[in-house]
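For reference, the structure is listed below as structure tokens.
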Amino acid sequence: MAAPRAPMIAGNWKMYKTESQAEEYIQGLLPRVSSVSGVDIAVCVPFTDLRAMVDSARGSRVEVYAQNMHHEPEGPFTGEVSAPMLSELDVSGVVLGHSERRELFGETDRALALKIPAALAAGLAPILCVGETEAERDGGDTERKLRHQIGEDLTGVPDERLADVVIAYEPIWAIGTGRVAIPEQAQDAIAFVRALVGGRSPEAAERVRILYGGSVKPENAGELLALPDVDGALVGGASLDAGSFAEIVAAAQP
Ligand code: PEP
């Protein structure tokens, strides 16, 4: 039998918390998760918080992720940050393709197809976000959208590295809205994403971790995390409070 997939809870801070606020947060989080076992914990923080968070979280269960990167290692790309810049800071991974970056900053599937292999090559764990809009769901287009995003975004990742990518299924209508997907919607979409990975490599489909994201809170985490194909959560708003985030981590404990 294949080894079980370790659950992962990742907090996406978005553009919240100055360095001093981040310091205060991590000092509150570390004691709350110190006795947790069997759950991978990540905080995905603004660039300006990375160094302080890496230093403060060193030796703990909490890994520090960035929220974006450029695919080139260096170059004339004002305002951008590269994978080697992140890995030299001991950053563990990076969120890529979040719907806010796709919608507000024009991040394309073509760019993601370059960014994901660049992250892997630099030793960063990518969390690839995919998901449909409300109109796409209502129009019966959810599977088409997921097939398109998974197909395009992972095109540069060889089969043997597919399971090194964490995928976050985040229905856009559930992000920051308080409108969580019902368990059946989350399970069906995530099982579909796993089947898409399985179309390339059945072995990778067994191993790849697929998170649910969209209005996860301490109150609904247990039900979502118990779904058979859900391997964890990408948490936005509720991750900004160390106590709420720690409760969600606790709900993921096997
Ligand atoms: C997110 O930003 O990835 C997210 C899921 O946000 P929220 O939990 O606030 O819906």
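Numbers 1 to 254, taken from the numbering used here, label the letters of the sequence shown in order.
All residues carry an ideal CB built from backbone N, CA and C; glycine is no exception.
Note that the structure is predicted; figures quoted are calculated from it, not measured.
A heavy atom of the ligand PEP is found nearer than 6 angstroms to the CB of V235. Between the C-alpha atoms of H98 and C129 there is a straight-line separation of about 5 angstroms.
The DSSP-derived three-state label of M8 is strand. For N12, the shortest C-beta to heavy atom distance toward the ligand PEP is below 6 angstroms. Its chain contains A186, Q187, I190, I210, L211, Y212, L224 as the residues whose beta carbon lies nearer than 8 angstroms to that of V230, once the 5 sequence neighbours on both sides are disregarded; these appear in chain order. I175 has its Cβ nearer than 6 angstroms to a heavy atom of the ligand PEP. Per DSSP, E80 lies in no alpha helix (DSSP H) segment and is marked neither H nor E. At a cut-off of 6 angstroms, the beta-carbon of G93 does not count as near the ligand PEP: no heavy atom of the ligand is closer than that. D40 is bridged by DSSP to M8. One Cα belongs to P254, the other to G38, and the distance between them is close to 7 angstroms.
In this structure, P126 places its C-beta atom within 7 angstroms of the C-beta atom of V165.
In the displayed model, I167 falls within a strand according to three-state DSSP. Leaving aside the five residues that flank S60 on each side, the residues in its chain whose CB is nearer than 6 angstroms to its CB run, in chain order, L30. Between V94 and F47, the gap from beta carbon to beta carbon reaches 7 angstroms or more. Annotation note: the segment 89-129 contains the following uninterrupted beta strand (DSSP E) runs of length 3 or greater, listed N- to C-terminal: 93-96. Within the same chain, S87 come within 7 angstroms of G123 by CB-CB distance, once the 5 residues on both sides are set aside. With a threshold of 6 angstroms, the Cβ atom of G232 does not count as near the ligand PEP, since no heavy atom of the ligand is closer than that. For G139, the Cβ stays outside the 6 angstroms cut-off from all heavy atoms of the ligand PEP.
Within the model, the alpha-carbon separation for R194 versus E160 is close to 15 angstroms. Of the residues A118, I172, M8, the one whose Cα lies closest to the Cα of P158 is A118. The C-beta distance from A10 to L234 rounds to 5 angstroms, short enough to fall under 8 angstroms.
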